[in-house]
Structures are given as structure tokens and as C-alpha cells.
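First the structure, in the form of C-alpha cells, and then the observations on it.
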Amino acid sequence: MFYDHQQIEKKWQKYWEDNQTYKTSNNTDKPKFYVLDMFPYPSGAGLHVGHPLGYIASDIYARYKRHQGFNVLHPVGYDSFGLPAEQYAIQTGQHPAITTEENINRYEEQLRKIGFSFDWSREVRTSDASYYKWTQWIFIQLYHSWYNKNTDKAEAIDSLIQYFEEKGTEGLNANQNDELNFTAEEWKNASDLDKEDILLNYRLAYRAETTVNWCPALGTVLANDEVKDGKSERGGFPVFQKKMMQWSMRISAYSERLLQGLITLDWPQPLKDSQEYWIGKSQGAQVQFRVEGHDEVVEVFTTRPDTIFGATFMVLAPENPLVETITTDAQKVEVDTYIEETSKKTERDRMADVKNVSGAFTGSYAVNPFSNEKMPIYISDYVLMGYGTGAVMAVPAHDERDHRFAKKFNLEIKKVVDTEEDVQEKSFDSKDSVCVNSDFLNGLYYNDAKAKIISEIEAKEIGHGTTNYRQRDAIFSRQRYWGEPVPIYYKDGMPYTLPASALPLELPEVEKYLPTEDGDPPLGNAKEFAWDELNQKVVATDLIDDKTIFPLELSTMPGWAGSSWYFLRYMDPNDDEAFVKKELADYWGQVDLYIGGSEHATGHLLYSRFWNMFLKDRGYISHDEPFQKLINQGMILGMSAFVYRIDGTNQYVSKNLAKDYQTQQIHVDVSLLKGTSDELDTEAFKAWRPDYANAEFILEDGKYITDREVEKMSKSKYNVVNPDDICEEYGADGLRLYEMFLGPLEQSKPWNTQGLSGVYGFLKKFWNLYFNGDVFEVSDEEPSKAEYKVLHTLIKKVVYDIENFSFNTSVSSFMIAVNELQKIKCNKRNILEPLAVIISPYAPHICEELWSLLGHNTSIEFEKFPVLNENYLVEDEIEYPVSVNGKMKFKISLSAQLSAKEVEDLVISNEKMQQILESKTPKKIIVVPHRIVNIVI
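Position 936, counted from 1, in the sequence shown is what the numbering used here calls 945; the numbers after and before it change by one each time, with no gaps.
Written out as C-alpha cells, the structure is:
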């Protein structure tokens, strides 16, 4: 029977949509299971075949859990704010909302074609005002919260105000920007403006001067992961370090909890390691060094206070505020020049560049508090303002970077940890040797020396023992248009939140999407964007009088804001009264399976954990962690095609002749190849782009053969394969099976369209099991033991594979089972019905059609998954090879139910064995049940 995949797939996609087959109920007594894919950004290019890999895996698992009787939440939505739509708006004038809507429609059309079992009724978009109303609401809750270190959680800011009224800062244990000291009386006497300023020091969302990655060409601040090699990832524009007033999120308050929480999660270890490294916990001491001739002190954090006697110079981060104060007139030009150069590097670049040594001398000296020796103070880009205090005491004998710096600038290298190595030539870093040249620390090992020096530091009142974290607070403002407006207005220069009743604060219309002539963000171009405090509404900007009508915040939220809580909104997507009802958050709880790329390790996955913990602290949800199990899918790589252009000409030489010429390798679109071959369609190539119209070709055997190479699938490499084309030719079920068949989910693997013919052949074979010629023919006759064995062998394998996410080996098992059933001409209902259920998570369209043909009028989706019966896998007879003195002599078939003694007796009494023994008694008989018999004579 002809397998018409196009007709079948259209029919069932329409059925699922019309019947809302995958709509999930919140009112059920079924156990829940929450399966989620990382939020897709709807780009203009649409999907290529690499994108659905994770979605197919999660869809298989979601369908499997439905078959097991779970109430499955498997939603979809779009992380629809983003820089690409804004850049397109700047270039064309088209509103980002229009571009985003077009892109989402394209994505949805493609996703529906692949047959995903998403609950489309729960779709969310971060750029919809009904969604970002709640992103703004969460921001307001963060603004009105502080972190109480005594209770180890976030609390309402009102409780901090009450504390100040009763005790001032006495005994306060809070996360803060600066350590403030005032009495309850001083707090009460402070003006309202001063009180607001003090509270900003403690709020979880606060405004402060911060060093940021500023991209003038894009007119916005970029996150570290949006910058590569000093340039913006989007557009490749130069990026500079710059100090700006920015909104920040106090994620640093959660550093320890974020670390400890990792222990409870079933995540890939490399991903956990990335987060641990990013958070960067270290224990040591905070120490103050006096600066000669100044009132200022340099404060450092060091993990090795036991080496303080070996500290011979100090290094400050170029952006450290002390630099300006302590730099001498003679060194000012050199220092300013160096600061300018450093501003062109991101923190990530500075951390990664371990080979290049650079710096500038400030002209000032610090005094070592223990050796009393003068220590020249330098600045260098290897010290970061965001880690510790933005200053280090350099111990070149025992730190590799300090050693390189000392060698470059000819500074003293003093050994203080015992070693036979020459520390003048190479640093020696060890915690296993004793201290030397260190006065009262001499002869002490690391732990004792560290404890002793910390007590001395505290006795001198120049510091204390402490724990430090590398993780900085997250910058939360972007100077761009297409993002969530921040629900803040300014009164007397101080920020105030809008009332919840005014949300959402909607994005205003603007004439242009670039910063204003005064350098304000694009929202500064809005004509209707001011806050009328009296009437509680947004009004025209030209009405601002700073009496009753005030300016609104002009920055927008970063790309990660909306994706930091979207998994909660899916639980209750249409609620106007809350971001999620508490009872629904309690029912759905954590995401049970989360699938997405490893590139989000230190961005989205940290921010969403932080927001989730905060919302738990404030009592809105009950679970600490958002994602219990996480899998990073690998990439599907493209097979790029290249032509060879002879230098200085418009001639192109075929691959195997290119070695005889000076050539340049150029990517060409894989769609220009003939069929699935490597041969270039030269006429199509000439028509592809105007500069190739007059191309000439040097052929081999009358053909132009391209070179091929496996690379990341990308529009810029012209190696993108559109899933629509694959669905058209091989069907969505073919695409789904092939993507799983390519290899283990977590690994990267190359795409090869030619491989689809094998999977498509399997689908045709599977289809024809149910037909006799063109007639659907399934027998109600009881299956044979052999038929049941094929089915139950498959059940056992597939259950194991799905539960261990080994989807590729399941597809192989389907092929083996269908081949075996075809060989024995099986058409029994009791085999073919469960077979359709087993294969349906992978290939739902064909299985729905077969299920319907089998006489069922409901979807296959909720049928119980077949249960394994091990009895069908037990062999009735075993063919035992019989070896005598290590050589196999004959085989004997015996009942599988026999004991080892019974097998031994039957083998010995066998006629062939009797001839071999010639009346001798065997010295040894070894029976390996169900395997082999060994006899020694």
C-alpha cells in the first residue's frame, strides 16, 4: 500500500488542532510531569534542521509520559524581545513588533509541521504587554526587598525600615553595596530623600554606578555573553568598558544558595562546573594596606594571607576609583593612556588573556603591614574591579601571573613558601610546604599559617577572615527600545516604583529607534512617556514639571528578564490577578525535564534560578529550584560546500584540480548542488549572485565537484537545510526519526540528507505490515510465542532507551523489530496494536493513522504504554555447545528449564559424548547455564 505521508500528516495535524488533543488540564487527579524546551528566540531566518533536535527529544518524552498516565505539561512560547528585531527596525523603520509577529508566525508554522505535542493554548510571548506586566511586577517586588543574612532569605523592605527605626544599623546582617553606620535616631531624623538613598544600598533591584560593556554603534550596554573578542556578537561593533548609572540585580546575595542548590540537581557535570566557576567561591582574608603619603588605604582580598610576607608590590584594576587619587603627576599620562586601552577589552577578554603582561606604575607606594617594606602600586588589566576589591597584593614567588608581571617590570621576587625550585625563574604555588622568610609564620603549614595570620590581621585591626565570590551583581538595564520598560519614575533624582495598578507600563511609540541627540536611550524619543503621580497615569512628556508629573526610566530590561520566570507563567498563562496562582505553582512544581543548549550555563540558567529562589523567599511559590533534570542537546552540524576561485580571476576550478592553482575557497549554498551529490549546478551558481554571473569553470570529467566540510549549521555558511523541505519529501515522522537516529542526544553530529532514505524506507515497511497489498488486513488470531518475543524484546529496549534518553538506539530497535515481523509475516492485532503505541512518540502521524485504521475513534496519544512480560523473553530451548579439552565437539538442544545437574547428566549420556569418552570418567565438568558445557578428560 502506498504510504502517502503528506496526506496523513496534514490530516492528523488538523485533527490535533481541531480537537485540542494536547491541551493540558489543571484539574486532574493524575500525577504531573512538566517537560520544557529552552525558550526559542524567533529569528527572521526561521528554523533549520538543527533547531528541532531538542524539541523532538522532549516531545518523545512528553508523549511517552502521557502513555504512562501522567498529566503532562508541554508548552511553547517565544522569548520575543531582542536586539535583532531592533536592529532591523533601525535599518528599515519597521516596528520590531511587526517583525517579531512575522517571525513567530513562521516559527509556529514550521513547528506545527513537525507534529509537536505542545499545548498551544498556553503560548506566551515576552513582548506581549499581558506577559511583561508580570515581569515588571516581579521587578517591583525585587525593588521592595532586601536580603537578610540572618534568615538567609529575601524579605520585604518594610521589615528593614522597621529595623532601622528600632536599632539603626546596629547588629544588621544584610547584603549591601557599602557598609553604612547610623543610629535609630539618625534614621528618624533623616529626610525622606536621604532615607530612599540609604535603602538603595540594600534593595535587591538597585541603581548604582557600574562598569559596563558599552557598544556605541548599537547604542546599548551588552552582557558579557553578547561580546566576543572586544566586539558585539551582533554586528561585530567595537565594545568599550564604561562607567554608567545602571539598574542591577543583587544576585550576589544568592551566591552560596546557588552553589549549594547545584547538589540537588540532575544536571550535566560540565554545566554545574561552569556555574561553580562563575560563582567563584573562595575563602581568605580582607586586608588593608596603607598608601604612603595619602589618607587612603588599599583593601585587598586574598585567598593566601599566609604569603603576605612575600607581597612585594600591589596591582589595582585600571577602573579602581583609587587610581585617580594616588597617581602622581609624573605618571598621569602613562596611567590615563593605559586606562583608555583597557576600556576596549571586556572583563571576559581580560580573564582569558593569560599570556600578555601589561601595566602602568601609579608612582605611589603601599606599606606591607607585616614586613613594613614599601610596595610599588601598579595598575594592570589582569585585576578586575568586579572580583574581590579590585586590588591584589602581588606575591610573585608563588603566583604565576604575579611572577610574569614582576619579571616584566623587574620587581622583587621573595620566596615565602619552602621549595627547592628557583622562584626567580618560575613561581611555586603549593599548600603542602611550610612558610619561610615569614617571621612568626616560619615552619607552619598552610592551614595553621592561614589561621595564625588571620588572627594577627584582626588583632592589628587591618582586616578579617572572609569568604568571597567572583560572581557580580547582574546589570539589569539596556539602552535600547525593544525590551520591557522599567516601571520606575524619578522624583528629585530618586527612583520610585509605579503602583501595581498602573501595570503594564507599555512600550511607547517612537519615531526612531536610535538614542536621542542628547544621548538618552531610544525611549527618550517618546512623546507620551511621563508619569502623572496625582492621576496615576502615563501622560505626554512635554508636561513634565517635576512637581506632579515626573520623567520615567528610559532604559529597558535586558534580554534575560522575561526568560527568568516564563516556566512559571505556563502554569497559569491567562491569569490577570497573579503571575501564577500559588496552588497551580504547587501542583506543577519544578520542571521535571528541561532540554536546551549549554551556552546558557552562566546566563539564563543562573538568572532563572535566582528569580525562582527570590519568589520562593517571598512566599509566591514553594520550590527552590526551577529545573530538576536538565539535558544539553548537541548540535546538528551542516555539510558546507566550497568552490575554488583562481586568485585574481572569475574562474572556478573543480575540487581535484585545485591543487594546481593559487585559489581562494568560497562557501556556496548547498541548494546549488545537484540532488544529493557534490556536483555544482553551474547555471544555478551563475544565477545565484550578480558577481558570479560571468563565472567560468574548469571541470573534471565534465563536472564541477565542490569540496565539502562539516561545520556549524549557519545561514552565513550557506549550509542550512530547511525542515520544511525534509517534511515535504520524507515527512515529519521521517525527520523526527532521522534526527534521533543520527546519534546520542548530547553529542554533535553531521547532517546528511542522503541518510533519510533509510528511515523513510523503514516507515514504508512499518506501514505495509498492516496491509496485504492495497488492503488493510489485521488478524485477530492469537500471536505465536516468536511474535510475542519480538514485541516484548522491543518493549524492554524502548522503555530503557526512553528513560535513559538513548533515543538513537530505539530507532535501531524499531527497524530490527519491523524486519523480524515482516520475515515471519506477522499481521496479528495483539502485536500490531501495541507496536503502533510503542513507535507513536517518535512517529506520531503514521501511528495515529494506523490506530484509526485499526478501528479506534480516539487518539493513540493516551493509550496505555504496553507492559513488558518477561515470560515471553524466556527461551524454551537452549542450544548448548559442548567443548572437550577446550575444543568444541558438538551442539545439543535442551530444555531451558533444566538445572545444571540435569544438563550435565543429559550431555554425559549423549551418544556422541559416549563415543568421545570411550568409557573414561571425565576429570571435570563445567556447565554454564544457558551458555556452554566444558568437559575435561
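Just so you know, even glycine gets a beta-carbon here, dropped at the ideal spot from N, CA and C. All values derive from a computational prediction rather than experimental measurement.
Length of the line joining the Cα atoms of residue i and residue j
i, j, result
"L331", "S373", "11 Å"
"W223", "K774", "59 Å"
"T658", "R717", "22 Å"
"K424", "G492", "54 Å"
"Y616", "E688", "48 Å"
"F538", "R212", "25 Å"
"D206", "Q545", "23 Å"
"K890", "T802", "Reading off the sequence, residue 890 comes out as Pro, not Lys. When rounded, the distance between both Cα atoms is 24 Å."
"P247", "N28", "52 Å"
"Y603", "F636", "6 Å"
"E562", "A54", "33 Å"
"E195", "D501", "21 Å"
"K176", "D167", "14 Å"
"L280", "E634", "15 Å"
"V437", "Q171", "The residue you asked about is not Val; residue 437 is Phe in the sequence shown. Looking at the two C-alpha atoms, the distance is approximately 52 Å."
"G228", "L552", "27 Å"
"D137", "P51", "14 Å"
"H83", "K521", "39 Å"
"K664", "S766", "27 Å"
"Q255", "P494", "14 Å"
"D203", "I388", "35 Å"
"L907", "R940", "13 Å"
"V719", "R481", "38 Å"
Three-state secondary structure assigned by DSSP to residue i
i, result
"K933", "strand"
"N233", "helix"
"G767", "helix"
"A539", "strand"
"M722", "coil"
"M258", "strand"
"P560", "strand"
"P247", "strand"
"A852", "coil"
"H939", "coil"
"I804", "helix"
"K469", "coil"
"E886", "strand"
"W223", "strand"
"Y31", "coil"
"S436", "coil"
"Q292", "strand"
Distance between beta carbons of residue j and residue i, contact taken as under 8 Å
i, j, result
"T570", "M580", "The sequence given here has Ala at residue 570, not Thr. About 19 Å; that fails the 8 Å criterion."
"I944", "S892", "7 Å"
"A400", "E343", "Actually they are not in contact, since the Cβ atoms of A400 and E343 sit about 19 Å apart, beyond 8 Å."
"D783", "M10", "5 Å"
"G395", "E356", "6 Å"
Neighbour flag for residue i against chain B, beta carbons, 8 Å
i, result
"R357", "Included in the structure is just one protein chain, with no chain B present."
Original post:
Just checking, does the segment 295-306 make contact with the segment 326-345 on the three C-beta pairs under 8 Å criterion?
Top reply: yes
Subject >> Three CB pairs or more closer than 8 Å across the segment 726-734 and the segment 832-848 >> reply: no
Original post:
Is the number of C-beta pairs between the segment 480-490 and the segment 230-237 that are closer than 8 Å three or more?
Top reply: yes
Original post:
Taking one C-beta from the segment 632-644 and one from the segment 738-758 each time, how about it: are there three or more such pairs within less than 8 Å?
Top reply: yes
Original post:
In the segment 370-431, which residue ranges form an unbroken beta strand (DSSP E) of at least 3 residues, counting only runs that do not cross its ends?
Top reply: 383-388, 400-403
Subject >> beta strand (DSSP E) segments (min. 3 residues) lying fully within the segment 105-175 >> reply: 128-134, 154-157, 162-165
**OP:** Report the residue ranges of all beta strand (DSSP E) runs contained in full by the segment 305-363; include only those spanning at least 3 residues, in chain order.
**Re:** 306-311, 322-325
**OP:** Take every Cβ of the segment 609-629, pair it with every Cβ of the segment 566-576, and state whether three or more of those distances are shorter than 8 Å.
**Re:** yes
**OP:** Entirely within the segment 58-103 and at least 4 residues each: give me those alpha helix (DSSP H) ranges in chain order.
**Re:** 61-76, 92-101
**OP:** Tell me the start and end of each unbroken alpha helix (DSSP H) in the segment 645-682 that is at least 4 residues and wholly inside, in chain order.
**Re:** none
Subject >> the segment 525-534 touching the segment 101-111, judged by at least three CB pairs closer than 8 Å >> reply: no
Subject >> Stretch-stretch touch, CB-based, cutoff 8 Å, three pairs: the segment 554-561 with the segment 111-120 >> reply: no
Original post:
Does the segment 173-193 come within contact of the segment 460-476, defined as at least 3 CB pairs closer than 8 Å?
Top reply: no
Original post:
Are the segment 512-523 and the segment 142-151 in contact at 8 Å, needing three or more beta carbon pairs?
Top reply: yes
Original post:
At a cut of 8 Å, does the segment 342-357 reach the segment 246-263 through at least three beta carbon pairs?
Top reply: yes
Subject >> Contact the segment 804-813 vs the segment 758-767: 3+ CB pairs below 8 Å >> reply: no
**OP:** Determine contact between the segment 403-421 and the segment 320-331, defined as no fewer than three beta-carbon pairs at a distance below 8 Å.
**Re:** yes
Original post:
At a cut of 8 Å, does the segment 119-137 reach the segment 59-78 through at least three beta carbon pairs?
Top reply: yes
Subject >> Cβ contact (3+ pairs, closer than 8 Å) linking the segment 667-679 and the segment 689-702 >> reply: yes
Subject >> Cβ pair count under 8 Å reaching 3, the segment 783-799 against the segment 829-838 >> reply: yes
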